[in-house]
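K.L.:
I have a structure here, written as structure tokens, and I will follow up with some questions on it.
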Amino acid sequence: MFDLLSKGNWQNYRNVMVIFFLQNIKTWLGYSFIPQAMQEYAAVVMQQVTETRVKTGIRRNDYVQYYLDRDNTVEDKVFELSSHAISFFIAGMETSTLTAANAMYELAYHQDYQEKLYQEL
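Taken in order, the sequence shown gives residues 49 to 169; the numbers are from this note's numbering.
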């Protein structure tokens, strides 16, 4: 998924601006923030996971099982699970990226800490 999201950085920034500033227009135009390839990949993975769980009867204490236990159609479950999977992935990637970028900035700005870290490693 990371490869799919990282391609076309300008397009990703443009999508963020559309979401924040043109919410009503994006809905009217059918504009999507998430690239189509990522949506399809997540849907295929979640379809396989749900089919495997239903066929084998495996139960786990996780988010997927929560959705499988709800009274929805399989299509609704796959759509919701793939949507949440993409959300979790993006949220986790952004926080990690920002933390790493901030750490690099602080190390570059405070070279004495950078030297201490170098000695520790």
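Every residue, glycine too, gets a C-beta built ideally from N, C-alpha and C.
1. Would the beta-carbon of Val-93 fall within 8 angstroms of that of Arg-101?
2. According to DSSP, simplified to helix, strand and coil, what is Asp-160?
3. What first and last residue would you give for the alpha helix (DSSP H) that runs through Thr-121?
4. Starting from Arg-101, follow the alpha helix (DSSP H) in both directions and report where the run begins and ends.
5. What is the rounded straight-line gap between the Cα of Ala-156 and the Cα of Glu-168?
6. Using 8 angstroms as the cut-off, can you tell me whether the segment 125 to 144 makes contact with the segment 84 to 91, which would need three or more C-beta pairs spanning the two stretches below that distance?
7. Given Ser-144, which residues of its chain have a CB within under 6 angstroms of its CB, disregarding the five upstream and five downstream residues?
8. Which value, in whole angstroms, describes the spacing of the CA atoms of Thr-149 and Val-126?
9. Drop a sphere of 10 angstroms on the beta-carbon of Ile-134, count the other beta-carbons inside from all chains shown, and report buried for 16 or more, exposed for fewer.
10. Measure the beta-carbon distance from Thr-98 to Leu-116 and round it to whole angstroms, keeping in mind my assumption that it falls under 8 angstroms.
P.N.:
Short version:
1. No, they are not a contact pair.
2. DSSP places Asp-160 in helix when its eight states are reduced to three.
3. Segment: none, Thr-121 is in no alpha helix (DSSP H) and carries neither H nor E.
4. Note, Arg-101: alpha helix (DSSP H), 84 to 104.
5. Looking at the two C-alpha atoms, the distance is approximately 17 angstroms.
6. Touching, yes.
7. Cβ within range, chain order: n/a, list empty.
8. Sequence inspection shows Ala at residue 149; the Thr mentioned does not correspond to that position. In this structure, the alpha-carbon of Ala-149 lies about 34 angstroms from that of Val-126.
9. With at least 16 other beta carbons inside 10 angstroms of its own, Ile-134 counts as buried.
10. 6 angstroms between Cβ atoms; contact.
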